[in-house]
Amino acid sequence: MDPLLDNHKGTTFAERLRIAIGDKSIRQFAIDCGISYGAMHKYFTGTTQPTLDNLVILSKTAGVGIEWLATGQNSPVLTGTELQTVPAASGVLDVHGNDVDLGEFVFVPRYNVAAAAGYGAWNDDETPMFTVSFRRYWIVNHLKADPTKLSVISVVGDSMEGVLNDKDIILVNHGDKEPREGIYVLRLDGQLIVKRVQRLPGSELFVTSTN
1 MDPLLDNHKG
11 TTFAERLRIA
21 IGDKSIRQFA
31 IDCGISYGAM
41 HKYFTGTTQP
51 TLDNLVILSK
61 TAGVGIEWLA
71 TGQNSPVLTG
81 TELQTVPAAS
91 GVLDVHGNDV
101 DLGEFVFVPR
111 YNVAAAAGYG
121 AWNDDETPMF
131 TVSFRRYWIV
141 NHLKADPTKL
151 SVISVVGDSM
161 EGVLNDKDII
171 LVNHGDKEPR
181 EGIYVLRLDG
191 QLIVKRVQRL
201 PGSELFVTST
211 N
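Each step along the sequence shown adds one to the number in our numbering, with nothing skipped, and position 17 is 17.
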């Protein structure tokens with residue numbers, strides 16, 4: 001029997017989850033966990049149960065024992081082993097003064113370069129200016145990307161206007177090197193361009209702009 005299920009479609013688990021978050025709203029808890037509000041709402045209504053990975057995230061974010069959250073057994077207080085997996089407060093606060101767990105984020109370098117959506121832009125200086133933070137869960141589970149292979153750059157030009165406008169900031173996945181239909185940043189003779197790519201038979205690529 002699934003430990004998260006009972007005769008009332010997960011009501012017991014849903015009740016424990018509501019106890020675990022205290023006064024926090026479901027929407028805010030979903031944001032803290034990096035889980036969509038739709039999925040989180042289903043957990044709280046008992047219509048579906050989390051995967052094992054999400055169960056771990058729920059218990060860590062709520063600060064309760066995973067066995068108690070899953071089964072109702074044992075104490076809701078974190079065990080010593082579980083406490084070791086929860087990062088200590090970073091000393092970084094959000095705008096409301098709440099502690100920010102830096103372990104929940106990845107910091108992607110922002111380069112002082114631009115990918116041209118027009119006539120092209122030469123880029124000789126690729127030194128990071130600063131980093132941009134993204135929620136780790138979103139990068140890994142939604143983008144399916146390796147955080148170490150990402151960078152942030154800007155767009156110049158108007159040939160992709162309506163999709164990518166001049167001065168837009170874009171997240172580039174350097175690990176995605178298998179051409180398929182989509183928008184790619186291409187390096188041609190040291191020049192970066194951002195274009196729409198379509199793969200054709202015979203290993204050919206059809207590169208176009210929006211305009």
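Idealized CB from N, CA, C, for every residue including glycine.
Whole angstroms are fine: how far does the CA of residue j sit from the CA of residue i?
| i | j | result |
| --- | --- | --- |
| Ser59 | Ala39 | 16 Å |
| Gln28 | Gly182 | 33 Å |
| Val64 | Trp138 | 23 Å |
| Met129 | His41 | 39 Å |
| Val56 | Gly175 | 28 Å |
| Glu204 | Leu150 | 26 Å |
| Glu104 | Arg136 | 5 Å |
| Gly190 | Asn165 | 22 Å |
| Trp122 | Pro201 | With a pLDDT of only 48 at Trp122, under 50, the local geometry of the prediction cannot be trusted, and the value read off the model is given with reservation. Each residue's Cα considered, the two are about 31 Å apart. |
| Ile170 | Val155 | 7 Å |
| Ser133 | Glu15 | 33 Å |
| Leu143 | Leu52 | 20 Å |
| Gln49 | Asn173 | 32 Å |
| Glu100 | Asp158 | Note on residue identity: the sequence assigns Val, not Glu, to residue 100. Val100 and Asp158: Cα-Cα distance of roughly 38 Å. |
| Ile35 | Ile26 | 11 Å |
| Pro46 | Lys167 | In the sequence on display, residue 46 carries Gly and not Pro. C-alpha separation (whole angstroms): 45 Å. |
| Lys24 | Leu188 | 50 Å |
| Ala145 | Asn112 | 22 Å |
| Cys33 | Asn54 | 9 Å |
| Arg110 | Gln73 | 47 Å |
| Ile19 | Thr12 | 11 Å |
| Val140 | Tyr37 | 18 Å |
| Asn98 | Val106 | 19 Å |
Between the beta-carbon of residue i and the beta-carbon of residue j, is there less than 8 Å?
| i | j | result |
| --- | --- | --- |
| Phe44 | Leu17 | yes |
| Val207 | Pro147 | no |
| Arg199 | Arg180 | yes |
| Gly162 | Thr210 | yes |
| Ile66 | Ala114 | no |
| Ile21 | Ala62 | yes |
| Val185 | Met160 | no |
| Leu102 | Val95 | no |
Tell me the DSSP bridge mates of residue i?
| i | result |
| --- | --- |
| Phe134 | Val106 |
| Pro128 | Tyr111 |
| Arg27 | The partner list for Arg27 (beta bridge, DSSP) is empty, contrary to what the question assumes. |
| Tyr37 | Beta-bridge pairing links Tyr37 to no other residue. |
| Gly46 | For Gly46, which the question treats as bridged, DSSP gives no partner whatsoever. |
| Leu93 | Asp99 |
In terms of residue numbering, what span does the beta strand (DSSP E) encompassing residue i cover?
| i | result |
| --- | --- |
| Glu204 | 204-208 |
| Val152 | 150-156 |
| Arg199 | 191-200 |
| Leu164 | From DSSP, Leu164 is part of no beta strand (DSSP E); its letter is neither H nor E. |
| Arg187 | 182-188 |
For chain C, is any of its Cβ atoms less than 8 Å away from the one on residue i?
| i | result |
| --- | --- |
| Leu150 | Of the protein chains in this structure there is only one, and it is not chain C. |
First and last residue of the alpha helix (DSSP H) that includes residue i?
| i | result |
| --- | --- |
| Val56 | 52-62 |
| Ile170 | Segment 169-173 is the beta strand (DSSP E) holding Ile170; no alpha helix (DSSP H) there. |
| Arg16 | 11-21 |
| Ile66 | 66-71 |
Quick check: does the Cβ of residue i come within less than 7 Å of any heavy atom belonging to the ligand MG?
| i | result |
| --- | --- |
| Pro109 | The ligand content of the structure shown is nil, which means the ligand MG is not present either. |
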